[in-house]
Amino acid sequence: MINFSYTIWILLLPFLMFLLLGLAGHKYFPKLSGLIGTGGLAVITVLSYITAFKYFFTSEKVEGAYQKITAFNITWLQLTDKLHIDLGVLLDPISVMMLVMITTVSLMVHIYSLGYMKGEKGFERFFAFLSLFSFSMLGLVLATNIFQMYIFWELVGVSSFLLIGFYYQKPSAVRASKKAFIVTRFADLGFLIGILILSFNTRTFDFITLTDPAGAAIAQGGGIAFMGLSVMTWSMIFVFMGGVGKSAMFPFHIWLPDAMEGPTPVSALIHAATMVVAGVYLVARMFPIYAFSAPAALDVVAYVGAFSSLFAAVIACTQTDIKRVLAYSTMSQIGYMMLALGVSGYGGHAGLGYMASMFHLFTHAMFKALLFLGAGAIIHAVHTNYMTEMGGLRKYLPITHMTFLIACLTIAGIPPLSGFFSKDEILAAAFHNNKLLFAVEYAVAGLTAFYMFRLYFSIFWGKDTHYHHTPHEAPATMTIPLIVLAIGSVFTGLIPFNELVTSDGKVFETELELIVAIPSVLIGLLGIGIAFVMYRKESEIPDKLAATFKYGYKWAYNKFYMDELYLFVTNKIIFRYISEPVAWFDRHIVDGTMNAIASVTQNVSFRIRGFQSGQLQKYAFVFVTGAIMLAILFIYLWK
Amino acid sequence: MNTGIPIQYFLILATIMFFTGVYGFLTRRNLITILMSVELILNSVNINFLAFNRYLYPNKLEGMFFSLFVIAVAAAEVAVAIAIIINIYRRFTTINVEDVNEMKF
Amino acid sequence: MDILTLFVVIPVLTITGILFLKDTRHVRLVSAFGMGLQLLLAAVLVFLYLSARHAGNTAEMLFIKDYLWFKSLNIHYAVGVDGISVAMIALTSLVLFAGIFASWEIEYLRKEFFISLILLSSGVFGFFISIDLFTMFLFYELAVIPMYLLIGIWGTGPKEYSAMKLTLMLMGGSALLLVGLLGIYFNSSPDGNLLTFNILEISKVVIPLPAQRLFFPLTFVGFGVLGALFPFHTWSPDGHASAPTAVSMLHAGVLMKLGGYGAFRVAIFLMPEAASELSWIFIILTSISVIYGAFGAIAQKDLKYINAYSSVSHCGLVLFAVLMMNKTAMDGAILQMISHGLITALFFALIGMLYGRTHTRMINEMGGLMKVIPFLSVCYVIAGLASLGLPGLSGFVAEMTIFVGAFQHPELFYRIVTILAVSSIVITAVYILRVVAILLLGPTTNEHFDHLTDAKWFEKISVVTLIGSVAAIGLAPFWLSTMIGTSLQPIVDRIIALNPF
Amino acid sequence: MASNQIMFILFAAMIIVFSVLTVTSRKILRAAVYLLFVLVSTSGLYFMLNYQFLAAVQLTLYAGGIVVLIIFSILLTSHISQKFESSGWKKNVFSAIAAITGAILSIITILDYKFSATTEAAKEVDMRLIGKSLLSVDYDGYVLPFEVISVLLLATMVAAIVIAKKSGPAKTQSPTLNQE
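So, in structure tokens, the structure goes:
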């Protein structure tokens, strides 16, 4: 057995860095903060690579399966005799895979930020928050039990809140951060309820016990029924609700586009590559339970994923803010991953979807981070977010252009780039399980290619826009991460995920299914082609099309009015029809009753106090008459 | 010396005097006249004490001494009361009892 | 002299010291010194307690001292502590210490202010160390009454009204409570021995069920009024809004906990059968408190009102958890008392400091303070995050313990109610973030605010003490949780023995 | 009709008449003089009851001391010829009813009660006996009340001085002026 206990430092280091930068950074080394943060993360990255190498290539397999290793565990809080919250490090294929992915992207984003955030006010604060985020995200993926995951889940949420609201003087950023936090918090409520129900039935939080396919948790779970579904199904649906919120699936997706108010590196790291896939990771983590005890919940996962991906892809075709296009694209791609999990089975080739989902998660992190960082470089150069104000940038930003093109081709699923492989596995998994979902995903693949190249052509080709300042290529700190990630995007498709990350830890054989692959490449090319015709040069076609599908376009452009719906619910219903009446009720009914009691007492005493007039003679008169009355009473009447 | 006068006469006399004093106490507005009414009341009580002592317990002296002390206390009381009245007068420029009603509520 | 009595003696000595001071400028130094000593003493007590437990002392209460002071009714001055009281004492001294520094700049009648404040605290300490019901009640009243003066004299806004309302409602609660306590007393020995007020002795007998049914609601509501039980909570918003900073801190932070502590230690511990029989009524009331307080907080505009309603919600959670009557939930209830005590004290301290600078507490009159006074603003954000249950800060630990504990209740009704209570965490997030966004973030709205100064040294002491404690509990809850859990064991054993589920 | 009866009726009539006048007179100084007559008549009653010492005390202390004190204070606080406006008739009527009811009640009670005449021999109350009793510490001695009274008188003197002393410069008003 290899000793993995050093992995605790992967968690502790970023936390210590957060404390250091957060408490002392501002005063003592505001300029050095970036280097310290990046250096610290580089150490963590190295540690993660070592861990991954040791785990995948030197650790012992039992019956050909990778084992789940608890590298470190302490009891943080003893709740009941059986339930206790532990903090620790759990190593298994998906957590190690996530570890590599997160640290890689995070390191790139750190380096990129050194250039991008240079000279910003709050430079050290930015890196402190990034460290906090790294800490919480790593804690999330390394969690040994579901409650630890929930803890870090919340911490991730708050670091996201802090980073979205980084430009805290910008009202839109403040609104966006608030929205992100509250929407995800609402989803987390579902997660927490799910945990409560789950733990009540299984009496454990521990992942290894929970997800053991032969274990007691899975065996006993399905029994009790509530409203037609088993309790286990309910709890897993609730848990999935947390994932829906964090991964911005429909209907909790509304925070993600607004979250683009944060600095672009943050969007790349948190809202594209790492945090938003936490929901996928959560489902993957609990997968055996879904697969064995709650297949109905798994269907929910699949359909929510499929619908979200289609929904987001349609909206993405109409948006003009490049970061928002990317945000919807992220949502769409995560929909893919969810769907893949939803159609997957457990073990062997049935677990193709599971593997594909993880594979896509990994490749997506690379190319989506690349896209965002590229977008950041573009915005850095032209100081606008809107593609309508861009055009012809290929001349000014050659490196960005090339890397962006690579990323677009990757996401469009053009072989032999990584996106092709992972997306193909997903489509194959869907094809084998559910033809309807396959059809949806197939359409989304085309849409994806179209809107990505719409973006690409609008920015780099299209009309020659006149800029106030001649745009110039970003500094090396920004271009190097782009290049590294581009290389990653190209080659990560070659990683044999079927040997490394599978649902049961065992290797299974996959082959390229041409019956799926060829049409998917074709539809990708079709999408690119349409985009080429419409946006390569300035043309009338987009406007005409928009006019033709007037209502459809308008709805999609306005994101199907989801924001307005939410605003209606929060402002009108919660604020106007619940809170204010509650406040009124409290002031006037409850407090009014108390005040009424008081004022009745007071009125009565006002009446009574007339006796206490201060007139000596009145007192004497009362005294005398009283004495006489008493005398009469006792002498004559009492007897 | 008191033969032929029943004790009841003294008592009735004292009663009338007492209630006259009470009446004065209740109706007069001037603090000094109220004080005088109090003197009437005290005197009527003294008469009672002495009458009881003389008629019912002639061989004892309690009644007489009690009256004696009452007179002494009355003297003290008047002295203090008048001091207070003068003080009130200084403060309120009136000794009308209806105007001196700060001690209400 | 035993260590527990010192907790009452030190405040009294401090008061005496203040009384003899000529120069009012030294008053706060003496107070700070006295309360610093108290804090030190609390630390010593925690240490002594833990080492006694470590040495294997398994008695229910430690450091017991008993003096008879009123023979004909068998009233004793009896003191003793278990882990719960030790934790509450530590909380009180922390909040008090921070409170002294938060009221460093009181000018008007400074001497009298500190005397009242410390007098109040001696009542609180006395309450937590007492194990004799009557003495406990005595200290309880001692804690409540200086509040009237503190709000009525040093308050703001409609202070006389608020002070009167607060005192009258709490006194109304006390009246119920006194009846309840006397009821317990007269049923304290069914087999005809000497009647007693001693909690430990009463816990050895079983109070007859009819008497329990009568006196449990009285006692619970009596304490519940102080614990802001719906619908007897309305003193809290007005009282907190009018009270000066340190008083709000102490009141929300500590005094409201007297209610929870008493409900748990007296009402439920001594009358568990009636408690389990009638708990459904109070569970409904407390869940209303939890949700309703949170919704009420959303619509408020005054910072202190927001916080007061949030206190209603959080204190409702304490009573809610206590009524679940299992070890985990009760453990959570105690943790929540401590956690909420610290957090809300922190909040009120910060609000006081903001008010001292901006001269308004209306959130819509403020904005963009983060840029001008970053230290206070960051602290406010931390307080907010703690209050909405961010892991790593104490609120999370307490709430999760409560929720997990409450959800272990075998009856479905209680579990469903728990889910309702859980949903308060979202509403909490809504109002906290709303305040943070309006108050601190965004552009600075008022040019007068550009010249505000950040925290002074004494304010920093106050705030950092509290934040440190909040973070300490949040990061390492196990020792506190274990300390409380061990002490809860006999209580829970008794409850379970009398109520086989 | 024996002479003592006539004397009694005379005194009684004077007491009643002057009492009533004391409490009804509109002029305060006259009221004081009527009071003086009442007190003097009372002392006559004391003579009749054979308590000469007390009668003498009554004359000197009451008639001589107290009434003079009262008259002084009247002079300090009122115009000599000042008339009061009469109290409201309601007040008068109700007070009269109360007083008369009380008086009737008392008188009925007195008349109902059978006083048992004593057969014991009367003790001669001479000055020696009074002096001895006052200073005696025996069972029927009165030294304690005597001492208490003396302390009381001392306290009264101090109190009277303290209370009547002008309390501050702000209160320097001439007493007899400013009368409305």
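Chains as they are written, first to last, in the working numbering: chain A, 250 to 888; chain B, 37 to 141; chain C, 1066 to 1566; chain D, 43 to 222. No residue lacks a Cβ here, since even glycine has one placed at the ideal position from N, Cα and C. In this text, all values refer to a predicted model and were calculated from it rather than measured experimentally.
- Gln44 of chain B sits in a helix when the DSSP states are folded into three classes.
- Between Ala320 of chain A and Leu339 of chain A, the C-beta gap is smaller than 9 angstroms, which places the two residues in contact.
- The shortest C-alpha to C-alpha distance from Tyr1250 of chain C to any of C:Leu1138, C:Leu1094, C:His1516 is the one to C:Leu1138.
- Within the segment 51-65 of chain B, the residues whose Cβ lies closer than 7 angstroms to some Cβ of chain A are Val58, Phe61, Leu62, listed in chain order.
- Interface with chain C (9 angstroms Cβ-Cβ cutoff): Asn394 of chain A is excluded.
- In this chain, the beta strand (DSSP E) harbouring Phe1128 of chain C covers 1127-1135.
- Every alpha helix (DSSP H) stretch that sits fully inside the segment 399-465 of chain A and reaches 4 residues is listed by chain position as 420-451, 456-460.
- By the Cβ criterion, the segment 1355-1362 of chain C is in contact with the segment 1491-1498 of chain C, since at least three pairs of Cβ atoms, one from each stretch, lie closer than 8 angstroms.
- Excluding sequence positions up to five before and after Val358 of chain A, its CB lies within less than 6 angstroms of the CB of Pro514, Ala517, Leu518, all in the same chain and listed in chain order.
- Not one beta carbon of chain B lies nearer than 9 angstroms to the beta carbon of Met169 of chain D.
- His632 of chain A places its beta carbon 9 angstroms or farther from that of Ala723 of chain A.
- The DSSP-derived three-state label of Tyr93 of chain D is coil.
- It is roughly 30 angstroms from the alpha-carbon of Ala1339 of chain C to the alpha-carbon of Ile442 of chain A.
- The residue among A:Leu412, A:Asp673, A:Thr523, A:Ile285 with its C-alpha nearest the C-alpha of Ile767 of chain A is A:Asp673.
- Within 7 angstroms of the CB of Gln1473 of chain C, the CB atoms of chain A belong to Thr329, Phe449, in sequence order along the chain.
- Contact annotation: Val1383 of chain C and Gly1449 of chain C have beta-carbon atoms that are not nearer than 9 angstroms.
- Think of a sphere of 7 angstroms around the beta carbon of Phe50 of chain D: the chain B residues whose beta carbon falls inside it are Ile41, Tyr45, in chain order.
- Listed by position along chain A, the residues whose Cβ is nearer than 9 angstroms to that of Asn137 of chain B are Ser862, Gly863, Gln864, Leu865.
- Cβ atoms of Asp1197 of chain C and Ala1143 of chain C come within 8 angstroms of each other, at about 4 angstroms.
- Burial check for Trp1219 of chain C: the Cβ neighbour count within 10 Å reaches 16 or more, so the residue is buried.
- The segment 1296-1308 of chain C and the segment 1316-1335 of chain C touch, with three or more beta-carbon pairs separated by less than 8 angstroms.
- When secondary structure is reduced to three states using DSSP, Ser175 of chain D falls in the helix class.
- Per DSSP, Tyr700 of chain A is not a residue of any beta strand (DSSP E); the alpha helix (DSSP H) it occupies stretches across 684-709.
- Short of 7 angstroms from the beta carbon of Asn1252 of chain C, and not among the five residues preceding or following it, lie these beta carbons of its own chain, in chain order: Ile1272, Pro1273, Ala1276.
- Asn322 of chain A: not part of any alpha helix (DSSP H); member of the beta strand (DSSP E) spanning 318-327, first to last residue.
- By the CB criterion at 9 angstroms, Gly662 of chain A and Phe669 of chain A fall inside the cutoff.
- The closest CA to that of Ser1452 of chain C, considering only C:Lys1436, C:Leu1407, C:Leu1110, C:Gly1432, is found on C:Leu1407.
- Taking a C-beta distance under 9 angstroms as the contact criterion, Ala301 of chain A and Gly754 of chain A do not qualify as a contact pair.
- Pairing Ser192 of chain D with Leu103 of chain D, the inter-Cα distance amounts to about 15 angstroms.
- Straight-line measurement puts the Cα of Pro263 of chain A at about 11 angstroms from the Cα of Ala291 of chain A.
- Look at Tyr417 of chain A: its C-beta is under 9 angstroms from a C-beta on chain C.
- Inter-segment contact for the segment 1398-1412 of chain C and the segment 1532-1547 of chain C is present: three or more beta-carbon pairs are separated by less than 8 angstroms.
- Leu601 of chain A and Ala678 of chain A do touch by the CB rule: their CB atoms are close to 5 angstroms apart, below 8 angstroms.
- Taking the Cα positions, Ile1503 of chain C is about 27 angstroms away from Trp1522 of chain C.
- Per DSSP, Ile334 of chain A lies in no alpha helix (DSSP H) segment; the continuous beta strand (DSSP E) that holds it begins and ends at 333-340.
- Only residues of its own chain outside the window of five on either side were considered, and among them Asp135, Val136 have a CB closer than 8 angstroms to the CB of Phe128 of chain B, listed in chain order.
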